[in-house]
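Trainee: The sequence shown begins at 66 in the working numbering and counts up one residue at a time.
Take this structure, written in structure tokens, and hold onto it; I'll ask about it next.
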Amino acid sequence: AERLGDRTALRFKQSGIWQDITWRAYRDAVRDVAFGLASIGVAAGDRVAIQSENRPEWLFADVAATSLRAMIVGFYPTNPVSEIVYLLRDSGAHVLIAEDQEQVDKALEAEPDCPGLEWIVWFNGRGLADYEHPKLISIDELIRRGRSLAQTHPTLLEEIDADRTP
């Protein structure tokens, strides 16, 4: 990101039109999500599950969790609730990042059987306006919390990185 800042790192289609994400924007998005995950308690050794189609936010969440030394558990968007329960319990994931209403509905149905699940973060809020659940949070709220943490502890990611060993 430092060397290639304004060059294209990713491209994706939105409403049929290709959109570019620069290396700098990619880095900033990862940093925002990493601080957001840290603000809800994700730490080294934790598992973060992602249930989503391919999209840039999937990558941001993946690299963000890795930068906290957490591990990603990838779910297929087609996994039924019974498999979500099994995967959450078996992996010990504390956070499930869900793409949209369909995935949030499955996560909320699975939640009573997954006592270790602390947060369900959603990317796309379409259809979720009336949803209220104490474990449910939007990616925008996660980022807002992360930016607040970044102001009070700006060196957090560098400190976590300094603790890495081969």
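Built from N, CA and C at the ideal position, the CB exists for glycine as well.
None of these values were measured; they are calculated from a predicted model.
1. Indicate the three-state DSSP secondary structure (helix, strand or coil) for F125 in the structure shown.
2. Beta-carbon separation of F140 and A94 under 9 Å?
3. Taking the CB atoms as reference points, tell me whether P142 and Q166 lie closer together than 9 Å.
4. On a Cα-Cα basis, can you pick out the residue from E224, E67, E122 that is closest to L75?
5. I want to know whether the segment 146 to 153 touches the segment 167 to 181 - three or more CB-CB distances under 8 Å.
6. Check each candidate in Q79, T230, D97 and name the one with the smallest Cα separation from R212.
7. So within the segment 142 to 205, which uninterrupted alpha helix (DSSP H) runs reach at least 4 residues, ignoring any that extend past its ends?
8. Check for me: the alpha helix (DSSP H) holding I225 runs from which residue to which?
9. Assign L69 to buried or exposed, taking buried as 16 or more other Cβ atoms, counted over all protein chains shown, within 10 Å of its Cβ.
10. Here's a check: name, in chain order, each residue in its chain whose Cβ is nearer than 7 Å to the Cβ of A146, leaving out the five neighbours to either side.
11. Determine the direct distance from the alpha carbon of Y91 to that of A66, and round the result to whole angstroms.
12. Tell me whether H198 is buried or exposed, calling it buried when 16 or more other Cβ atoms sit within 10 Å of its Cβ.
13. Cβ atoms of V138 and V113: under 9 Å apart, would you say?
14. For R191, tell me which candidate among Q216, A215, E164, I185 has the shortest Cα-Cα distance.
15. Which ranges does the alpha helix (DSSP H) cover as unbroken runs of at least 4 residues, wholly within the segment 75 to 120, from first to last along the chain?
Mentor: For this structure:
1. helix
2. no
3. no
4. E122
5. yes
6. D97
7. 146 to 156, 166 to 175
8. 221 to 227
9. exposed
10. According to the sequence provided, residue 146 is Val. The question's Ala does not apply to it. Result list for V146: K171, E174, A175, in chain order.
11. 8 Å
12. exposed
13. yes
14. E164
15. 88 to 104
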